[in-house]
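Structure first, commentary second.
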Amino acid sequence: MDFEAISSYFPLYVEAFFLTIKIGWIGIALSLGIGIAGAFVLHFKIPVFSAVIKAYVELFRNTPLLVQLFFIYFGLPKVGLAISAQNCGIIGLGLLGGSYMIEAIRSGLEAVPVSQTESAVALGFTRRQIFTNVILPQAVIGGMPAVMANIIFLLKETSVFSAISLMDLMFTAKDLIGLYYDTTECLVLLVLFYIVMLLPVSALGSFVEKKIRYGSYGV
Amino acid sequence: MEPILRVEHLHKEFDGYTVLDDVSLTVNAGEVVVIVGPSGCGKSTFLRCLNGLEKIEDGKVLLDGKVINPVSENIVKERQKIGMVFQSYDLFPHKTILQNIILAPMKVQKRNKEEAVSEAISLLDRVGLSNKKDQYPRQLSGGQKQRVAIVRALIMHPEILLFDEVTAALDPEMVREVLEVVLSLAKEGRTMMIVTHEMAFARAVADRVVFIDGGRIVEENTPEEFFTDPVTERAQRFLDSFKY
Amino acid sequence: MNSFISDIGIDVLLKGNNMMRLLEGLMTALKISMISVVLSIFLGLILGMLMSLNKRVINAFSRIYLEIVRIMPQMVLLFIVYFGATKAMGINLDAETASIIVFTFWGTAEMADLVRGSLISIPVIQYESSYALGMTKLQTYIHVIIPQTVRRLLPLAINLITRMIKTTSLVMMIGIVEVLKVGQQIIEANRKSSPNAAFGIFATVFILYFLACWPISLLARYLEKKAA
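Chains as they are written, first to last, in this note's numbering: chain A, 300 to 518; chain B, 220 to 463; chain C, 795 to 1022.
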């Protein structure tokens, strides 16, 4: 292993790492926003919007991010919608993630038993009060493991950004391998940076899941 | 005296299948009406219709002369006068016992917190659970949860209390602690309607027994006569099913 | 009308055998995913059953293995196997073999986790009541446990197929000529005559992937409802 090469590449990876994290987390924030709004629409069966949301979820859950990115980045400019690579990454990740988050949050909402709503109704709560005080807090906890799993999934998906020339970790590794043939060193750095990026989130995910599954919560 | 609750010709269907057929009933202030009948006879549905949890096809439910209708605007207001306790207790799992009890008084009745807390604690004291106030529902036994559910209904100062098979999901040794609470409420002169399978309890607590079978009221009687010498043959057969 | 078709770049699809070439590209991707799915399901079943035995060595191994798969993007794994193996071990893997290895490595972990999850979700009382009826361990598995496990597992395993198909789109990044790559080639070749081809082609690729995955998702959902 050539440590000199590693130390000279290191700053490039750090830069790529922060770019990846930035786009990743902004995209995830966007996906959560879409997820909450979409789940809300589906939960309350708001006409027309529900149909649109359903179609969107089906479309984005059944196509790869890479294909979505190609369409947004290379295809849309041809009909007059040019978007920068960075924004394209954010929008692509947000749209893909949104379709997964909607399902996660909606299943959290649906997991709250009907009898919870009924007993709240019997106590005289309004629909809105029931949603904010009874359904939502339970749905947030119930949907949390799925949301965490989606976050990990989305952070991993950032690895395809290099395809639209974003200088992320993958791009940097590929570029350096092409230039200097230090394959082993470049791959080791790549793996290390992905571990730093994902291991803490993965650990947090497991912790949350254990906490929810083993009794700190429940009837 | 004008009755608190008046049910007139209530008709209820599920998907075209009649569950309740022309049911009429009145309940006076301070009266305890126990509803008995075989499983699936419609007695729980009847109770649910009374506070608008079910839409009804025909007939009327009047509380203090005002119509209870699930689609009307003032249903939320009217419902506060009716307390209901369910078989599955349905405490809110994400809130402590105390939070469970004070949530509705604070959010629905806009009462101030200190007052709600102090009433909650005195009510919990009464059912022997004030030491559990900061625990979560999952830390309590079924009987304890059901007593909390009763307190949660009581703190709203309802004019009438509805109990829907409140002991059906409990282990036998916990049935008594819950029934004793209900019995003490009856002695206090509360107006109550109780659906139950506990015949001995029904006899002890009831001022009047209503026997429902096949979605209709088949017999209305005093507890003494109903349990010893019922008028109808169907009631007799029902009571016989409890004997070995 | 003609100008609209060329404005959104659909015209290239009708030229020559372009549509056919895209479909062939899709088939390449589907072939890789199908081989990987079959291998993953087979290996995953074995590993999942081993994991449900709760033996310490197996648990330690499977935890590390599953965690690697959980946090490493498939893209990174592809690079490691395709570029790394060539360099480190001097083996010259062709891109297709490399992708099948990576997707099987990934899919086996996912499948094993699903198998283990379904197995341990069967309540102990199901075993006990079978034994109480005088069934042997084998009979208990054959008549009671496995049928229940399969019902839970089937929709999840089928979902894994759609995920595998979607992931296969990555293989273009190591030079396999699948549908995206074919799309790029067509766009390149028609740069002059159909400058807007990128829209039409990538929209078509989008729809092709959707048509490949959607029916499978629907089947999974149907089975899930039936199992519930």
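For every residue, glycine included, the Cβ atom is placed at its ideal position computed from N, Cα and C.
1) Give every residue of the same chain whose Cβ lies closer than 7 Å to the Cβ of C/I1010, excluding the five residues on either side of it in the sequence, and list them in chain order.
2) Note down the Cα distance separating B/A405 from B/V367, rounded to an integer number of angstroms.
3) Please name the residue or residues paired with B/L224 in a DSSP beta bridge.
4) Are B/L381 and B/I301 close, meaning C-beta to C-beta below 8 Å?
5) Reducing DSSP to helix, strand and coil, say where C/T880 ends up.
6) Using a Cβ-Cβ cut-off of 7 Å (strictly less than) and excluding sequence neighbours within five positions of C/A903, which residues of its own chain qualify?
7) What's the gap between the Cα of C/T962 and the Cα of C/L824?
8) What separation, rounded to the nearest whole angstrom, lies between the Cα atoms of A/G329 and A/F506?
9) Helix or strand or just coil, what does DSSP make of A/Y516?
10) Can you tell which of C/L847, C/F798, C/Y1016 and C/A882 has the C-alpha that lies nearest to the C-alpha of C/L950?
11) Measure the CB-CB distance between A/M246 and A/F302 and report whether it falls below 8 Å.
12) Flag C/R946 as yes if its beta-carbon sits less than 8 Å from any beta-carbon of chain A, otherwise no.
13) Taking C-alpha atoms, which residue in B/E407, B/V401, B/R409 and B/T451 lies nearest to B/T415?
14) By the 7 Å beta-carbon criterion, what residues does the region 800-829 of chain C contribute toward chain A?
15) Run the CB neighbour count on C/G838, radius 10 Å, all protein chains shown included, and call it buried at 16 or more, exposed below.
16) Nearest to B/A419 by CA position, among B/P442, B/P312, B/G433 and B/I436, is which residue?
17) What residues match up with B/L229 in a beta bridge as DSSP calls it?
18) Could you tell me the alpha carbon to alpha carbon distance between B/V394 and C/R857, rounded to whole angstroms?
19) Are the Cβ atoms of B/P356 and B/K364 separated by less than 8 Å?
20) Using the Cα positions of B/A387 and B/I223, report the straight-line distance between them to the nearest angstrom.
21) Tell me which same chain residues have a C-beta within less than 6 Å of the C-beta of B/L266, skipping the five on either side of it?
22) Starting from the beta carbon of B/K326, find every residue of chain A whose beta carbon is closer than 8 Å, and list them in chain order.
23) Can you list, in chain order, the residues of its chain with a C-beta nearer than 7 Å to that of A/Y516? Leave out the 5 residues immediately preceding and following it.
24) Note down, in chain order, each residue of its chain lying with its Cβ closer than 7 Å to the Cβ of C/F873, except the 5 sequence neighbours on either side.
25) Helix or strand or just coil, what does DSSP make of B/T237?
26) Using 8 Å for Cβ pairs, my map puts A/L341 next to A/R405. What's the rounded Cβ distance?
27) Between the region 986-994 of chain C and the region 371-384 of chain A, do three or more beta carbon pairs fall short of 8 Å?
28) On the DSSP letters alone, give me the boundaries of the beta strand (DSSP E) that B/N440 sits inside.
29) Using the Cα positions of A/V518 and C/I939, report the straight-line distance between them to the nearest angstrom.
30) For A/E314, which option in A/I494, A/L465 and A/T431 has the closest C-alpha, if you only look at C-alpha atoms?
31) What's the call for B/P324, buried or exposed, on a 16-neighbour Cβ count within 10 Å?
32) What residue from C/A1022, C/K1020 and C/F1004 has the CA that sits closest to A/T367's CA?
33) Helix, strand or coil: which one does DSSP assign to C/F996?
34) In the region 986-1015 of chain C, which residues sit with their C-beta less than 7 Å from some C-beta in chain A, listed in chain order?
35) Take C/A882 as the anchor and find which of A/V487, A/L395 and A/I494 has the nearest alpha-carbon.
In brief:
1) Taking the third sequence and counting its residues from 1, one reaches residue 1010 of chain C at position 216. These residues qualify, in order along the chain: I952, I955 and T956.
2) By 1-based counting over the second sequence, the position of residue 405 of chain B is 186. By 1-based counting over the second sequence, the position of residue 367 of chain B is 148. If I take the Cα positions, the gap works out to 17 Å.
3) Position 5 of the second sequence, counted from the start, is the residue given in the question as residue 224 of chain B. For B/L224, which the question treats as bridged, DSSP gives the partners B/V246 and B/L282.
4) Here residue 381 of chain B corresponds to residue number 162 of the second sequence, with the count starting at 1. Here residue 301 of chain B corresponds to residue number 82 of the second sequence, with the count starting at 1. Contact flag set, yes.
5) Counted from its first residue, the third sequence places residue 880 of chain C at position 86. Reduced to three states, the DSSP call for C/T880 is helix.
6) Along the third sequence, read from residue 1 onward, the residue named residue 903 of chain C stands at position 109. Only Y859, L860 and V863 meet the Cβ criterion.
7) For the purposes of this step, residue 962 of chain C is taken as residue 168 along the third sequence, with counting starting at 1. For the purposes of this step, residue 824 of chain C is taken as residue 30 along the third sequence, with counting starting at 1. Cα to Cα, C/T962 sits roughly 8 Å from C/L824.
8) In the first sequence, counting from the first residue as 1, residue 329 of chain A sits at position 30. In the first sequence, counting from the first residue as 1, residue 506 of chain A sits at position 207. According to the sequence shown, residue 329 of chain A is Leu rather than Gly. Taking the straight line from one Cα to the other gives about 24 Å.
9) The sequence position of residue 516 of chain A within the first sequence is 217, counting from 1. Reliability fails at A/Y516, whose pLDDT of 48 lies under 50, so the model's placement of it is uncertain and no value is given.
10) Taking the first residue of the third sequence as 1, we reach residue 950 of chain C at position 156. Answer by Cα proximity: C/Y1016.
11) The structure shown has nothing for residue 246 of chain A, since chain A only spans 300 to 518.
12) Taking the first residue of the third sequence as position 1, residue 946 of chain C is located at position 152. Judged by the 8 Å Cβ criterion, C/R946 is not in contact with chain A.
13) As a first step, residue 415 of chain B is located in the second sequence; it is residue number 196 there, counting from the start. Of the candidates B/E407, B/V401, B/R409 and B/T451, the one whose C-alpha sits nearest the C-alpha of B/T415 is B/V401.
14) I802 and G803
15) Here residue 838 of chain C refers to the residue found at position 44 of the third sequence. With 16 or more Cβ atoms within 10 Å of its Cβ, C/G838 is classed as buried.
16) Locating residue 419 of chain B in the second sequence gives position 200, counting from the first residue. That would be B/P442, whose Cα lies nearest to the Cα of B/A419.
17) Taking the second sequence and counting its residues from 1, the one referred to as residue 229 of chain B is at position 10. DSSP output for B/L229 lists B/V242 as bridge partner(s).
18) Reading the second sequence from its first residue, position 175 is the one you call residue 394 of chain B. Reading the third sequence from its first residue, position 63 is the one you call residue 857 of chain C. Those two C-alpha atoms are separated by around 46 Å.
19) To locate residue 356 of chain B, count along the second sequence from 1; it is residue 137. To locate residue 364 of chain B, count along the second sequence from 1; it is residue 145. Yes. Within cutoff.
20) Here residue 387 of chain B is taken as the residue at index 168 of the second sequence, counted from 1. Here residue 223 of chain B is taken as the residue at index 4 of the second sequence, counted from 1. The straight-line gap from Cα to Cα measures roughly 27 Å.
21) Taking the first residue of the second sequence as 1, we reach residue 266 of chain B at position 47. L381, D383 and V414, listed in sequence order.
22) Translated into positions along the second sequence, residue 326 of chain B becomes position 107. Residues of chain A passing the Cβ test: F424, Q428 and N432.
23) Here the question's residue 516 of chain A lines up with position 217 in the first sequence. Reliability of the predicted coordinates at A/Y516 is poor, the pLDDT of 48 falling under 50, and no value is obtained from them.
24) Locating residue 873 of chain C in the third sequence gives position 79, counting from the first residue. Closer than 7 Å at Cβ, skipping near neighbours: no residue.
25) For the purposes of this step, residue 237 of chain B is taken as residue 18 along the second sequence, with counting starting at 1. B/T237: strand per DSSP, three-state reduction.
26) Counted from its first residue, the first sequence places residue 341 of chain A at position 42. Counted from its first residue, the first sequence places residue 405 of chain A at position 106. Rounded, the Cβ-Cβ distance is 5 Å, consistent with contact.
27) yes
28) As a working mapping, residue 440 of chain B is identified with position 221 in the second sequence. Residues R435 to N440.
29) What you label residue 518 of chain A is simply residue 219 of the first sequence in a count that begins at 1. What you label residue 939 of chain C is simply residue 145 of the third sequence in a count that begins at 1. Note that A/V518 has pLDDT 38, beneath the 50 cutoff, so the model's placement of it is unreliable and no number is given.
30) Here residue 314 of chain A refers to the residue found at position 15 of the first sequence. When only C-alpha atoms are compared, the closest one is A/L465.
31) Numbered from its first residue, the second sequence carries residue 324 of chain B at position 105. It is buried - the Cβ of B/P324 has at least 16 other Cβ atoms within 10 Å.
32) Locating residue 367 of chain A in the first sequence gives position 68, counting from the first residue. According to the sequence displayed, residue 367 of chain A carries Gln and not Thr. The shortest C-alpha separation from A/Q367 is found at C/F1004.
33) Residue 996 of chain C sits at position 202 when you count from the first residue of the third sequence. Note: C/F996 maps to helix in three-state DSSP.
34) N990, A992, F993, F996, A997, V999, F1000, Y1003, F1004, C1007, W1008 and S1011
35) On the third sequence, position 88 is the one that residue 882 of chain C refers to. Answer by Cα proximity: A/V487.
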